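Before any comments, here is the structure.
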Amino acid sequence: MSILRSADNQGAWPDLSKRIAAATAIYGTGELLRGTVFLIGGALVQMGAGRPGSQQIAEKFAKTLMDKVGRWAEVLEPSDLPMVRQVVTVAFEGRDPVAWRDQAGPVPDSEPRAMACALSLIADFVDRVDGPGACERALLAGLGSALD
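In structure tokens form, the structure reads like this:
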């Protein structure tokens, strides 16, 4: 995930785009998106999403996140931002964001980039609160559990 953590380093964007394009070619747009949405849900759980009272911060968090994701205009389509917002909202409500996204309709080729940008920003937030690398460790542990 460290390549994603380059919102302020526009020089890293071409590498980010190449990595996302390579992953898309290997796994397909739908599977890449499903994996990214799974990781977003896991990162938001680290923040307390799905727990009683978490919806109180959901709207403010989603607004702030959308403002920050919007800074990545060179690598994402603005039309994908409502879907990112809804995935975050669903996760804060304690519902399964992957299942919700699976039912939300076709996945445009550009959507995985928007979700990847959101994941990066959420991971940065978790790391600022819980310490460097905390989000990545938790997501890897969660992913390992999901694969077992």
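Numbering (this note's numbering), first residue to last: 14 to 161. Even glycine gets a Cβ: it sits at the ideal position worked out from N, Cα and C. Computed from a predicted model, the values in this text were never measured in an experiment.
Where the alpha helix (DSSP H) through E72 begins and ends: Element bounds for E72: Q68 to V82.
Minimum C-alpha distance to T42 - residue among Q59, P121 and Q69: It is P121 whose Cα lies nearest to the Cα of T42.
C-alpha distance - G54 paired with E149, whole-angstrom precision: Cα to Cα, G54 sits roughly 13 Å from E149.
Endpoints, alpha helix (DSSP H) assigned at W113: Note, W113: alpha helix (DSSP H), P110 to Q116.
Cβ-based neighbour list, S123, same chain, cut-off 7 Å, excluding 5 preceding and 5 following: Hits under 7 Å: L89, E90 and D93.
Same chain, Cβ closer than 7 Å to A147, five either side skipped, listed in chain order: Contacts found: V139 and D140.
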